[in-house]
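Shown next, in structure tokens, is the structure this report addresses.
Residue numbers (our numbering): 2 to 874.
Below, the structure written as structure tokens:
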């Protein structure tokens, strides 16, 4: 007898809400505040402690003040927006006051709407215009930004609330007698326009009750932490999960959460037992824990975070290699009771809708991917095919979610196609579906994430999953980031293309052809894509890959015959010419604008500053030397050929050039101030790799603010220089300090994010790995070139400045030069030309800022910050 096939439908546990228990967050907290926990700590912040009774009373007073102000100022007393919701927008930094206001908002019959102080003004205006909150509560007044909206500062509301009752409000006292929503969170929309997700009380409580059942608080677990930015959905269970269970909540400042060392010790000092974090923060913490364990091995100190047993990763994919590092670290310090969880979800499904628990290293062995697991309580997950039919178990399908974790839709009815009627429902709790846009499959009754939808194509009759090819790319040593696309699917000229950015692999520089060979070891021949090496992966404004830009670039270049033209080589140099032209063709790849030949110049062919240095180093690796200056200065590749020397000759990349730069250096002085300010501002505003991700929040005045604070010390120390060309015009500047004698700066702009990041990666190395004391370490702080320089002249100026910094270090008796390079050009010059040692190669999109955000999160994986050191002989 046959049997029906298993379908890809997974159901979570059915768990009815406890009978008689309130279905509103504030009513549950009022019960806690009136019970045995009344006089126990509820919130702790910078030494202040607020008991549950005090928290509840303060929130009730503020709630009454909010209701009074809204009713007085609203037209006709109607505070609801077109969705029928009453929203309280909150723009306050993390503190005990923030939690009072959040509780006050829901007590007032409203929902809270977080506004991060780092949001650009245009984003705030869009949210206020679309969501129409009844009131905005902020730490500072901003009449221009909040124009047209009722606004009040915390201090103003505090004064109004002082004489009001601290007793709980009745339903009739609030702005809505029967509120649906607890909060609204704005996420990045698929079109780049943020959209608000409406999260009801019962949805939040379904998520929390599952958490309390699946991961109950221990009897001695008295303290939890709130560290996640309020605008992220992970903050919801982080705040309300402990508070509604009578546990104290420790609020951490942004400067603590941004500093891995301080965060680890805050968690250790307070004996925290659970933590929610993104995988990038987990990686940073494991690095610090490993370093600390090695440092303290001989002292036999107790390992850090022994009590922090429950680690929950969400928000990003959890790599199997990172899970292996997690268990390996705790095993190395004698701890084997730590769990690592992988949560999957999005704001529209209350942050988490499936989960997978790893209890040991053995559970990671053999996994290419960490599963996203099983559904939460009162949730059903469907994997559907293109006809919206359940996929067979093991087959990929688009992931849809039904149940009590679904949001009530978007503000203003945006994107209704994401929330659908469920034709498969047999219970009223599951009549709505949310379409995630993600792809997954069921393996042994658990979900495995497979990327985004529409990623399957047919190649010679075979079904090929592009997300599978991307996963294979990431496993190739030397591939930094890869995107696989199908060009003209179904047409005669269909092509599967892998656009990759490359880094130095363990076996040296990698070529596109070598990547294809490596893929052939794990993929069938028909599935190996054509690999195209690119300088970067272009992004849309919402941070997603600009796929159309990649395909357009391929279409424009695909008609070109990129095989080199070897004709015209001088007698006796044919073999050398072939090496040169093959190398240039390989480096430029699909970016070549014409056939590579000796008659063409490198820049005419589409070369740039970065790949010019790459070409020179590739030639060196094949036994031919040419200085960077000669290669850049050559009017044609034929002229560059004349400058090449075989490995038998005494040559190096720093050999005297036949094309002298005609630059000269002058010690920095007051007369250079205007030129230096201009070059620093223009260079960093237009070309800086980190500031790019903060735009449009950085302005020219921000650099003036920085330079005003460091100018006098720069001139006084006599370690910096200005570079002038043969006409006497200032074309570059190199600003340097003694690493142990730098002036303090106070930055009020978004540049503070950049300097916090630089201190995060440089500080531990400068203080622990380099010579200490003044006069030992010269810090190459900032370099800039004039906007008028051509790409060739720009590289020559950078090379000249690097040489000048080294000359300064030698003449002043420094032990070496210390620097951080975020530009691929300066990284390559430093490593391949000047011989700097790499002390840290950091992927910038892994950095977590003090406020829990990832400011460079949209940067590609290939964007690195390299901390380097050059000893002076």
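Glycine included, each C-beta is placed from N, C-alpha and C at the ideal position.
Because the structure is a prediction, the values reported are computed rather than measured.
For residue 834 against residue 800, the beta-carbon gap comes to about 7 Å, under 8 Å, which counts as contact. Here residue 208 has 237, 238, 351, 352, 353, 377 and 406 as same chain residues with Cβ atoms under 8 Å from its own Cβ, once five neighbours each way along the sequence are excluded. When the five nearest sequence neighbours on each side are left out, the beta carbons in the same chain lying within less than 6 Å of the beta carbon of residue 398 are those of 9, 384, 385, 386 and 392, in order along the chain. Straight-line measurement puts the Cα of residue 371 at about 12 Å from the Cα of residue 441.
Runs of the beta strand (DSSP E) lying entirely within the stretch 263–318, each at least 3 residues long, are 275–278 and 311–314 in chain order.
Straight through space, the alpha carbons of residue 479 and residue 784 are spaced by roughly 29 Å. Contact between the stretch 97–107 and the stretch 248–255 is present, with at least three C-beta pairs closer than 8 Å. DSSP places residue 340 in the strand class (E or B) of the three-state scheme. Below 8 Å, too few C-beta pairs join the stretch 139–146 and the stretch 257–277 to call them touching: fewer than three. Cβ neighbours of residue 574 within its own chain (closer than 7 Å, five residues either side excluded): 642.
Annotation: residue 151 to residue 437 spans about 35 Å, alpha carbon to alpha carbon. When the Cα atoms are used, residue 13 and residue 381 turn out to be separated by approximately 6 Å.
Residue 708 places its beta carbon less than 9 Å from that of residue 681. Annotation for residue 201: the continuous beta strand (DSSP E) segment containing it runs 196–201. Annotation for residue 73: no beta strand (DSSP E) segment contains it, though the alpha helix (DSSP H) segment containing it runs 53–74. Exclusion of the five residues before and after residue 861 leaves 482, 502, 537 and 538 as the residues of its chain whose Cβ lies within less than 7 Å of its Cβ.
When Cβ pairs closer than 8 Å are counted between the two stretches, the stretch 57–65 is seen not to touch the stretch 75–90, the count staying below three.
Distance check between residue 572 and each of 858, 635 and 639 places 639 closest, using alpha-carbon atoms only. Around the beta carbon of residue 427, a 10 Å sphere encloses fewer than 16 other beta carbons of the protein chains shown; the residue is thus reported as exposed. For residue 402, there is no enclosing alpha helix (DSSP H); the residue is part of the beta strand (DSSP E) that begins and ends at 398–404. DSSP places residue 472 outside any beta strand (DSSP E); the residue lies instead in the alpha helix (DSSP H), whose first and last residues are 467–475.
Listed in chain order, the non-local C-beta contacts of residue 149 below 8 Å within the same chain comprise 129, local neighbours out to five positions each way being set aside.
Here residue 802 is buried: its Cβ has 16 or more other Cβ atoms, across all protein chains shown, within 10 Å. Per DSSP, the continuous beta strand (DSSP E) segment holding residue 355 begins and ends at 355–359. Taking one beta carbon from each stretch, the stretch 810–823 and the stretch 771–779 have 3 or more pairs nearer than 8 Å; the two touch. Within the stretch 676–713, no run of alpha helix (DSSP H) reaches 4 residues while sitting entirely inside it.
Residue 756 counts as exposed, since fewer than 16 other C-beta atoms from the protein chains shown sit within 10 angstroms of its C-beta. Closest in C-alpha terms to residue 806, from the list 736, 500 and 326, comes 736. The DSSP-derived three-state label of residue 151 is coil. In the displayed model, residue 165 falls within coil according to three-state DSSP, outside both helix and strand.
Between residue 474 and residue 499, the C-beta gap is smaller than 9 Å, which places the two residues in contact. Comparing alpha carbon positions, the residue from 158, 132, 75 and 187 closest to residue 120 is 187. Shown here, residue 112 sits in a strand according to DSSP, grouped into three states. If you look at residue 126, you'll find it in the alpha helix (DSSP H) that goes 122–132. In the pairwise beta carbon analysis, the stretch 19–27 is classified as not touching the stretch 39–52: fewer than three pairs are separated by under 8 Å. Taken through DSSP and simplified to helix, strand or coil, residue 822 comes out as strand.
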